[in-house]
Amino acid sequence: MALADICKLNFSSKSSLTTLPSNEEVFNAEAQDCFSIPTAPQAASYLSHLSKPDSDVHIKFNHGTTTLAFKFQHGVVVATDSRATAGDYIASQTVKKVIEINPYLLGTMAGGAADCSFWERVLAKQCRVYELRNKERISVAAASKVLANMVYNYKGMGLSMGTMICGWDKRGPGLYYVDSDGQRLNGSMFAVGSGATYAYGVMDAGYSNDMCVEDALALGKRAIYHATHRDAYSGGFVNLYHMKESGWEHISWTDVKDLHYAYKNEKK
Amino acid sequence: MSMTEVHRQASVGPKQHRFEPYAFNGGNILAVAGGDFAVVASDTRLSQGFMIHTRDHPKAVQLTANTVLAQSGFEGDSLTLKKHVQMRIGMYEHNHGKTPSTSAIAAMISKMLYYKRFFPYYVYNIVAGLDNEGKGCVYSYDPVGSYEREQYRAAGAANELLQPLLDNQIGFKNMSEAGPPLSKERAIQLCIDCFISAAERDITTGDCVLIQVIDKDGVETKKFPLRRD
């Protein structure tokens, strides 16, 4: 089994219940790039009862929501909100959900915050190794495939990650959607997270491939604002990036409160 | 709880008993970063359910001259994680010949937490100290390693009571005029006041609050009494 090999567990010889990992094994696990898992039958679902709200010990992880990206003639616009929730509690309003993998690749964060940051950091390492081995930059298609293949090994184990890999390579602007269920899709417009449907409504209404850069950035910002307005799990600040041929550029970090009054005044 | 509520809980149906790897030991931690200092406050009560195990168990430990780690959640996992972090810092010092910076320790702890993604450390950590430029910094984590640098953070049983108070007094959130920059004396007083309030409304907080102030001269520790009920 792939997971048993990764964790170097041998199920055939002795019962896994009788051997708890030694301190050394847990300590060295990181160095060998493997995860420690519960030494019990059905390891994958052993702790699933702890994420149900009626248990005494309720472990809550930070989740992130509404992210969007779309391609147009001048590149890719990437916009996200900045709220992280742990259950119904707002854990943070200032989360950076756009992960800068390298100067010409961006990844977004939706779902489990730790899952996205960790795996996209591993992806950054793999992209750098690719560059060193092949003396050329990795393509967006290849980078997204690397990520999809890495998380597929953990399918069914509870990873929660919905990310968009955006970049500019030899084929022009690139945008792929990758998630922890194993899905990998190429497309020109995606919105991911609990506020995605609200963002799609606004994006679809205003989108055209021939937009100018200013209009495209304004559309991305507006779509996130509307999602934060209606979705309780989205809010905070709109983080806006533009992916160009020369790499990505960070455009703005705007409080949605200010956007609310700005758009309201526009209508008058 | 009324009598009908108690009966309803008892008759909810058969409950499967299994080995429960976690427990919740209560308590709170809080950290604030200033211009050239950081303050970490933690209460010293260790409880489980309705029982207090001890009143003198601090939740914060000094890792290096400029870094303190505060932990809240399950004490078993806190102890193990703390030991592992201290060992790794020792290894870093042997390999590199210098103490790791606060940001390096913060990134390392994130990885250590994520490597137990499928059997997490049930600990809410906060790392506080001085960054490479001597400014105060606070890093807060979720149980599986998602982390962020912030100016202030409360974690633990009463974090939902304390965090809004800090948002108002330190972050001046949604206020038209921000107050003056935070001084060390005000930060310490605010931390003590937060714990006094938390002890009023959270049963697992109380006994004593340990305040650690990190600045360029090192880490200074002070203790203040809290309600013992």
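Which chain is which? The protein sequence lines are A and B, in order. With the working numbering as the guide, the letters of the first sequence map in order to residues 471 to 738. With the working numbering as the guide, the letters of the second sequence map in order to residues 7 to 235. Glycine included, each C-beta is placed from N, C-alpha and C at the ideal position.
*Return the chain-ordered list of same chain residues with a C-beta closer than 8 Å to the C-beta of M3/B, the five sequence neighbours on each side being excluded.*
Because residue 3/B is not part of the residues shown, which for chain B are 7 to 235, the question remains open.
_Can you tell me whether L629/A is helix, strand or coil according to DSSP?_
coil
_Across the region 568-578 of chain A and the region 604-619 of chain A, are there enough close Cβ pairs to call them in contact, namely three or more that are closer than 8 Å?_
yes
_For chain A, check one thing: does any of its Cβ atoms lie closer than 8 Å to the Cβ of F178/B?_
no
_Can you find the residues in the same chain that come closer than 7 Å, C-beta to C-beta, to E81/B, ignoring five residues on each side of it along the sequence?_
Closer than 7 Å at Cβ, skipping near neighbours: N31 and L52.
*Counting only beta-carbon atoms, is V662/A nearer than 8 Å to chain B?*
By this cut-off, V662/A is not an interface position.
*asked:* I'd like to check one pair, N34/B with G140/B: are the Cβ atoms closer than 8 Å?
replied: no
*Beta-carbon neighbours of S630/A, restricted to chain B and to distances below 8 Å*: Residues of chain B passing the Cβ test: none, with the nearest at roughly 11 Å.
_Taking CB distances under 8 Å as the criterion, tell me whether Y552/A reaches chain B._
Residue identity check: residue 552/A is Ser in the sequence provided, not Tyr. Not one chain B Cβ lies under 8 Å of S552/A.
*From V565/A to S664/A, what does the alpha carbon distance come to, in whole angstroms?*
16 Å
*C-beta neighbour in chain A for E166/B, strict 8 Å*: yes
*Under three-state DSSP, which class holds K117/B?*
helix
*Start and end of the beta strand (DSSP E) containing Y574/A?*
No beta strand (DSSP E) contains Y574/A, which DSSP labels as neither H nor E.
*asked:* Can you tell me where the alpha helix (DSSP H) holding K615/A begins and where it ends?
replied: V610 to Y622
*If F43/B and G142/B are in contact, beta carbons under 8 Å, what's the gap, nearest whole angstrom?*
5 Å
_Quick check on T667/A: buried or exposed, where buried means 16 or more other Cβ atoms within 10 Å of its Cβ?_
The C-beta of T667/A has fewer than 16 other C-beta atoms within 10 Å across all chains shown, which makes the residue exposed.
*asked:* Quick check: is the beta carbon of I569/A nearer than 8 Å to any beta carbon in chain B?
replied: no
*According to a CB-to-CB cut-off of less than 8 Å, which residues of the region 107-124 of chain B neighbour chain A?*
S116, K117, M118, L119, Y120, Y121, K122, R123 and F124
*asked:* Please return the same chain residues whose Cβ sits closer than 6 Å to the Cβ of K228/B, not counting the five positions on each side in sequence.
replied: Only residues of its own chain outside the window of five on either side were considered, and among them I217 have a CB closer than 6 Å to the CB of K228/B, listed in chain order.
*Could you give the uninterrupted runs of the alpha helix (DSSP H) lying entirely in the region 65-139 of chain B, keeping only those of 4 residues or more?*
81-102 and 108-120, all fully within the region 65-139 of chain B.
_R207/B: first and last residue of the uninterrupted alpha helix (DSSP H) it sits in_ = K190 to R207
*What residue does the beta strand (DSSP E) around M181/B start on, and which one ends it?*
Here M181/B belongs to no beta strand (DSSP E), and DSSP marks it neither H nor E.
*N656/A: first and last residue of the uninterrupted beta strand (DSSP E) it sits in*: Element bounds for N656/A: R654 to N656.
_Taking 8 Å as the threshold (beta carbon to beta carbon), is A580/A in contact with chain C?_
Here chain C cannot be found, since the structure's protein chains are A and B.
*Please decide whether S84/B counts as near chain A, where near means a Cβ-Cβ distance under 8 Å.*
no
_Checking the sheet assignment: what are the DSSP bridge partners for A698/A?_
A quick correction: the sequence has Thr, not Ala, at residue 698/A. According to DSSP, which records beta bridges pairwise, T698/A is partnered with nothing at all.
*Give a yes or no on whether 8 Å exceeds the smallest Cβ distance from E139/B to chain A.*
no
*Would you please state the rounded distance, in angstroms, between the beta carbons of I95/B and T70/B? I believe it to be under 8 Å.*
7 Å
_Taking DSSP's pairing of strands, which residues face R159/B in a bridge?_
A37/B
*Following the continuous alpha helix (DSSP H) through Q596/A, name the residue where it begins and the one where it ends.*
A583 to N604
_Below-8 Å beta-carbon distance, V546/A vs any chain B residue_ = no
*Under 9 Å from the C-beta of V565/A: neighbouring residues of chain B*: S152 and E154
_Assuming V144/B and Y158/B are in contact, meaning their beta carbons sit under 8 Å apart, how far apart are those beta carbons, in whole angstroms?_
6 Å
_From the DSSP secondary-structure annotation, give me the bridge partner or partners of I2/B._
The shown model of chain B, from 7 to 235, leaves out residue 2/B, and the question about it has no answer.
*Cα separation between A447/A and Y128/B?*
Because chain A is modelled from 471 through 738, residue 447/A falls outside the range shown and cannot be assessed.
*Going by alpha carbons, who is nearest to A702/A out of F540/A, V568/A, T550/A and I560/A?*
I560/A
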